[in-house]
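Participant: Numbering (UniProt numbering), first residue to last: 1 to 116.
Just so you know, even glycine gets a beta-carbon here, dropped at the ideal spot from N, CA and C.
Okay, here's the structure, questions in a sec.
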Amino acid sequence: MGNMAIERTTESLLEQWGIWVRQGTGNLSCAAPSWSLPTARLTDDEGLELDALVAKLGKRHPLFGEAVLRYYTTGKTFEQVGKAMGMGEEKARQAVKGGVAWIDGALEMKRGLKAA
């Protein structure tokens, strides 16, 4: 991710990615009316990279992938995500946090490779 500032947390990147997806931009698109959304503070390249990482997460760890996708692209609470996935709020929170940690590690590896 070329210009992604280090101080941007993985959570904040995923929040922006969720907006970007809802705008109908990403591969994992779930578009909402554009008048109802803030503008994503994310380049298309950054959004596509996060799209790919979330898709890869979904293949490797389906529970984490679904939880991350539902949480960040719908704006729902952990309780609502858990209910939709047939689990409790705490398990949904843990699944999202586990997915965020996986994506964070993948981003760190990419940054490390670019720095080398």
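(1) Nearest-angstrom Cα distance between W102 and H61?
(2) Looking only at its own chain, which residues have a Cβ that is under 7 Å from the Cβ of A67, when we skip the five neighbours before and after it?
(3) My understanding is that E53 touches A106, with C-beta atoms under 8 Å, so please give their C-beta distance in whole angstroms.
(4) What is the rounded straight-line gap between the Cα of W20 and the Cα of L113?
(5) Alpha carbon to alpha carbon, how far is Y72 from E79? Give it in angstroms, no decimals.
(6) Please go through the same chain and pick out, in chain order, the residues whose beta-carbon is closer than 7 Å to the beta-carbon of L57, but skip the five residues on each side of it.
(7) Does DSSP put R41 in a helix, in a strand, or in coil?
(8) What residue range does the alpha helix (DSSP H) around T10 cover?
(9) Kindly indicate which three-state DSSP category G88 falls into: helix, strand or coil?
(10) I think Q16 touches A55, with their Cβ atoms under 8 Å apart; what is that distance to the nearest whole Å?
Facilitator: Straight from the coordinates:
(1) 9 Å
(2) V81, M85, A92, A95, V96, G99
(3) As written in the sequence, residue 53 is Leu, which differs from the Glu given in the question. Yes, they are in contact, since the Cβ atoms of L53 and A106 sit about 5 Å apart, within 8 Å.
(4) 26 Å
(5) 13 Å
(6) F64, G65, V68, G99, W102, I103
(7) coil
(8) 10-22
(9) coil
(10) Actually they are not in contact, since the Cβ atoms of Q16 and A55 sit about 17 Å apart, beyond 8 Å.
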